[in-house]
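The structure appears right after this line, and notes come after that.
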Amino acid sequence: PPGMIGEAVTRREDARVLRGEARYVDDIERPHCAHAALVRSPHAHAAIKAIRAPDAAGGLIAVLTAEDLGDRARPSEVPALDGMELTDERHPILAGAEVRYAGQPVALVIAESRALAEDAADLVEVEYDVRPAVVDGPTSDHALMRWSRKSGDVDAAFAAAAHVVGGRYSLPRLVAVPIEPRGCLIEHDPDRDVLTVWCSAQDTHRPLAQLAQILDRPPDAIRVIVPDVGGAFGSKGAIAPEIAAVAIAAIDLGRPVKWIEDRSENFVAAYQGRGIAGDLELALADDGRMVAIRAHLRADLGAYLLPSTVIPPHTAAMLITGCYDIPAAEVTIFGARTHKVPTGPYRGAGRPEAAYMLERLVDDAARALRMDCLELRRRNLIHSFPHRTPLGHVYDSGDYERCLDLAIELRDSDGLDPADEGWIRGEGAAVFVERGGGRWESAEIDVLSDGRVLVHSSASPHGQGHETTFAQIAAQRMGIVLDQVLLRFGDSSTSPPGVGTFGSRSVAMAGSAIAVAIDDLIDRLRQLAARLLDVETGSVVWECGSARADGRSVSLRELAVAGSRLGRGVDAVLKTSARFESGPVFSSGAYAAVVEIERATGQLRVLRLAAVDDAGTVINPLLAHGQVIGGVVQGLGECLVEEAVYDEIGQARSATLMEYGLLTSADVPPIITGEVSSPTPLNPLGAKGIGEGGAIGTLPAVANAVVDALGGTHV
Ligand code: MCN
Numbered sequence: 047p048p049g050m051i052g053e054a055v056t057r058r059e060d061a062r063v064l065r066g067e068a069r070y071v072d073d074i075e076r077p078h079c080a081h082a083a084l085v086r087s088p089h090a091h092a093a094i095k096a097i098r099a100p101d102a103a104g105g106l107i108a109v110l111t112a113e114d115l116g117d118r119a120r121p122s123e124v125p126a127l128d129g130m131e132l133t134d135e136r137h138p139i140l141a142g143a144e145v146r147y148a149g150q151p152v153a154l155v156i157a158e159s160r161a162l163a164e165d166a167a168d169l170v171e172v173e174y175d176v177r178p179a180v181v182d183g184p185t186s187d188h189a190l191m192r193w194s195r196k197s198g199d200v201d202a203a204f205a206a207a208a209h210v211v212g213g214r215y216s217l218p219r220l221v222a223v224p225i226e227p228r229g230c231l232i233e234h235d236p237d238r239d240v241l242t243v244w245c246s247a248q249d250t251h252r253p254l255a256q257l258a259q260i261l262d263r264p265p266d267a268i269r270v271i272v273p274d275v276g277g278a279f280g281s282k283g284a285i286a287p288e289i290a291a292v293a294i295a296a297i298d299l300g301r302p303v304k305w306i307e308d309r310s311e312n313f314v315a316a317y318q319g320r321g322i323a324g325d326l327e328l329a330l331a332d333d334g335r336m337v338a339i340r341a342h343l344r345a346d347l348g349a350y351l352l353p354s355t356v357i358p359p360h361t362a363a364m365l366i367t368g369c370y371d372i373p374a375a376e377v378t379i380f381g382a383r384t385h386k387v388p389t390g391p392y393r394g395a396g397r398p399e400a401a402y403m404l405e406r407l408v409d410d411a412a413r414a415l416r417m418d419c420l421e422l423r424r425r426n427l428i429h430s431f432p433h434r435t436p437l438g439h440v441y442d443s444g445d446y447e448r449c450l451d452l453a454i455e456l457r458d459s460d461g462l463d464p465a466d467e468g469w470i471r472g473e474g475a476a477v478f479v480e481r482g483g484g485r486w487e488s489a490e491i492d493v494l495s496d497g498r499v500l501v502h503s504s505a506s507p508h509g510q511g512h513e514t515t516f517a518q519i520a521a522q523r524m525g526i527v528l529d530q531v532l533l534r535f536g537d538s539s540t541s542p543p544g545v546g547t548f549g550s551r552s553v554a555m556a557g558s559a560i561a562v563a564i565d566d567l568i569d570r571l572r573q574l575a576a577r578l579l580d581v582e583t584g585s586v587v588w589e590c591g592s593a594r595a596d597g598r599s600v601s602l603r604e605l606a607v608a609g610s611r612l613g614r615g616v617d618a619v620l621k622t623s624a625r626f627e628s629g630p631v632f633s634s635g636a637y638a639a640v641v642e643i644e645r646a647t648g649q650l651r652v653l654r655l656a657a658v659d660d661a662g663t664v665i666n667p668l669l670a671h672g673q674v675i676g677g678v679v680q681g682l683g684e685c686l687v688e689e690a691v692y693d694e695i696g697q698a699r700s701a702t703l704m705e706y707g708l709l710t711s712a713d714v715p716p717i718i719t720g721e722v723s724s725p726t727p728l729n730p731l732g733a734k735g736i737g738e739g740g741a742i743g744t745l746p747a748v749a750n751a752v753v754d755a756l757g758g759t760h761v
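Reading the sequence shown from the start, the letters are residues 47 to 761 in my numbering.
And the structure:
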């Protein structure tokens, strides 16, 4: 039947979204709902001397400060990964004695409407004693985090190397700019003491666990519902401190409270991405073999630590050997504190950083050795799997050379006209590897009495299209049509437990949990059919959604009806669950670009971008393609126009869509995509992630093309 794995099925969720029927947090209404607005610091660094709430203001219900919260809302814990050194500078829920970035929440104002809450927030007087701000990551000497790892004899390899090539490479800070900013609606049921939290988040699991810790509540006293979400790109993984303050307000006031941030708040107060620079050195043998690499990374982490702030630099460091067989590596990270909003994951979350720095370095090395940059890459690519990197990752499968060959073939197909007068042209290419998947996810499946299959997944989407993709996995495995599969996710009271939607892990992990659960369900259905047909279970085969034995067959619907007649034990027949666990899977890809720069003006245009991704088995090529294109456009934005710019006193200079450059569809150059498939042996689908590839490969491919156009000059 149509809709199977590998078919380009259109998204089931689109009709709802396009008709305006999707329900985002702000569409949810509760009776007697109050509305919240934030008083935010206008200064990047200041002591708070006093906060004076207005005695009265139209519709004002309450003003909450850090003092009012007391220890009822504690800063979110920040897990130290892998032996990291962290300072105890966790993001306060509301600022206490000090503010450390412009935009930091200082007080929560609750009123009868959002407009009244915003007006009342303007009347709150905060007395600040302004202090100097450290804005520049490279000059900050205060570390929030330090980490290092060394493996292999790096020093000896460098001492003996025929060539050592180095460079400094940096990536700007970026804003994720999801169409829907952050927000929540929180209601407290005093009888059961349960908080119901609707929030715009990537999944239910992390907001629930983080709120439980922040509010010191048992997890079962919190229900998190994630409705439709208008994008996140990594920026809605850690819970916003504002949400914890709203939770306290809802408890104190005994009324539901809604907070929906506006675009300007999202620019200054939602955690940002990237903002990292690295000093890298590569040691090479005479024949171009890479023998060791050193990378000293300096990340501008911003003012405080959020739970996920330390993840991207760590991920970047761990992937610094990329697709190459480099036996020795040393990495260090200095996570600098600056008076800016904290950073955290943004599409790629460390992978683009690693790929950009390494692939720029490889091009610089090729120039230093007077070698062709593709030849230098080919000579060092990893060819056999599993491959253990010196830093400790185990790459499961891949065909990096095939990706590179295809990217070049696609880039160079149909020659381009010669460059116009006054324009210089450059070509660039890059390979990358991407850690995805890992840990676990789960699924529960019910067979409904009409023979449809209801899949409860632990993974909720925020734009990826799980409703379609996961249904394809279940339908294929069951041998039924797509319409026979229903999907549910995003409500912690009914969804099975899981880890979360990030790191391009949903298909590999949650998709595999569905596959395993379906296999188990089929076994149960075969046993039931054996009873009905009075045959041995072993002689029952499952085919096209029916059980068959001795030339007879029982349909799924008949099994569902028979199963429910059995009374006790129905659950055991018509319900199943599975938890799927595996190590990380490593997607990969190669991207290649052609750019032109106008000599007189410096104007840059990307003429062509070839994007080749290897995500193992692709479930839905149409959606996977959409993921790649979305990532590419974000990657191009990063290369060409995007940057969260701050002035010397720590004021955001790009706090609206007028100032922060975002590409529009009219700016997007021709993108040619290609696919290589190296299924992973680590899960039953052979699937890896593809949600971030475009945002990874684009940066080094375009940057290398720009440097090539400039004749190898460092930019
Ligand atoms: N897919 C597939 N076959 C595979 C892998 C993926 O068909 N082998 C398709 C599926 O349609 C799946 C989608 O690609 O729904 C993404 O799957 P996957 O790579 O597993 O990534 P996740 O679902 O875990 O999504 C996370 C990823 C990340 S980390 C960011 S950031 C990101 C992204 O997804 N943010 C997004 N894509 C986004 N897309 C939208 N619209 N909005 C965001 O905020």
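Glycine is no exception: its CB is placed at the ideal position from the N, C-alpha and C atoms.
In the structure shown, Arg645 adopts coil according to DSSP, grouped into three states. Taken in chain order, the unbroken stretches of beta strand (DSSP E) that lie wholly in the region 507–555 and span 3 residues or more are 531–534. About 7 Å separates the beta carbons of Leu110 and Ile294, which is inside the 8 Å limit, making them a contact pair.
Counting the other CB atoms within 10 Å of its CB gives Glu75 a total below 16, which places it among the exposed residues. For Ile665, the shortest separation between its Cβ and any heavy atom of the ligand MCN lies below 8 Å. Look at the beta carbons and you see the region 181–195 touching the region 125–143: at least three pairs across the two are nearer than 8 Å.
With a cutoff of 9 Å on beta-carbon distance, Arg457 and Ala741 are scored as not near each other.
Contact check for Ser552 and Ala505: beta-carbon distance about 4 Å, within the 8 Å limit, so the pair qualifies. Sequence-distant partners of Asp410 (beyond 5 residues in either direction) whose C-beta falls short of 7 Å from its own C-beta, in its chain, are Val211 and Gly213. Each residue's CA atom was taken as its position, placing Glu171 and Ala103 some 13 Å apart. Of the heavy atoms belonging to the ligand MCN, at least one sits nearer than 8 Å to the Cβ of Pro224. The alpha helix (DSSP H) runs of length 4 or more contained entirely in the region 130–212 are, from start to end of the chain, 160–169 and 200–206. Annotated three-state conformation of Ala331 is coil, per DSSP. When the five nearest sequence neighbours on each side are left out, the beta carbons in the same chain lying within less than 8 Å of the beta carbon of Arg645 are those of Gly468, Trp469 and Ile470, in order along the chain. Residue state for Tyr446 is assigned as helix, using DSSP reduced to three classes. DSSP places Glu473 within a strand segment (E or B) once states are collapsed to three. Considering only Arg603, Val678, Val586 and Ala290, the residue with the shortest C-alpha distance to Tyr637 is Val678. Here the alpha carbons of Ile297 and Met555 stand approximately 36 Å from one another.
Partner residues in the beta bridge of Lys304, as assigned by DSSP, are His81 and Leu231. Boundaries of the beta strand (DSSP E) around Ala96: Ala92 to Arg98.
Of the residues Asp463, Ala749 and Val674, the one whose Cα lies closest to the Cα of Val687 is Ala749. Using a Cβ-Cβ distance cut-off of 8 Å, the region 718–730 and the region 330–340 are not in contact, since fewer than three pairs of beta carbons, one from each stretch, lie closer than that value. Under the 10 Å beta carbon count, Asp134 is surrounded by fewer than 16 other beta carbons and is classified as exposed. Annotation for Ala624: Ser488, Ala489, Ala559, Val562, Ala563 and Asp566 place their beta carbon closer than 7 Å to its own, counting only its chain and skipping 5 residues before and after. In this chain, Cys369 is not harboured by any alpha helix (DSSP H), its DSSP state being neither H nor E. Exclusion of Gln522 from the 8 Å shell around the ligand MCN follows from its C-beta lying no nearer than that to any non-hydrogen atom of the ligand.
Annotation for Ser552 indicates a beta carbon within 8 Å of some heavy atom of the ligand MCN. By the neighbour-count criterion, in which 16 or more other beta carbons inside 10 Å mark a residue as buried, Ile225 falls on the exposed side. For the 9 Å CB-CB criterion, Arg301 and Cys79 form a contact. Relative to the ligand MCN, the beta carbon of Thr547 is positioned inside 8 Å of a heavy atom.
By the CB criterion at 9 Å, Ala323 and Pro507 fall outside the cutoff. Using a Cβ distance threshold of 9 Å, Glu684 and Thr647 do not count as a contacting pair. Gly677 has its CB nearer than 8 Å to a heavy atom of the ligand MCN. When distances are taken from the beta-carbon of Arg136 to the heavy atoms of the ligand MCN, even the shortest one reaches 8 Å or more. In this structure, the alpha-carbon of Leu64 lies about 33 Å from that of His234.
Where Cys685 is concerned, the enclosing alpha helix (DSSP H) starts and stops at Pro667 to Leu686.
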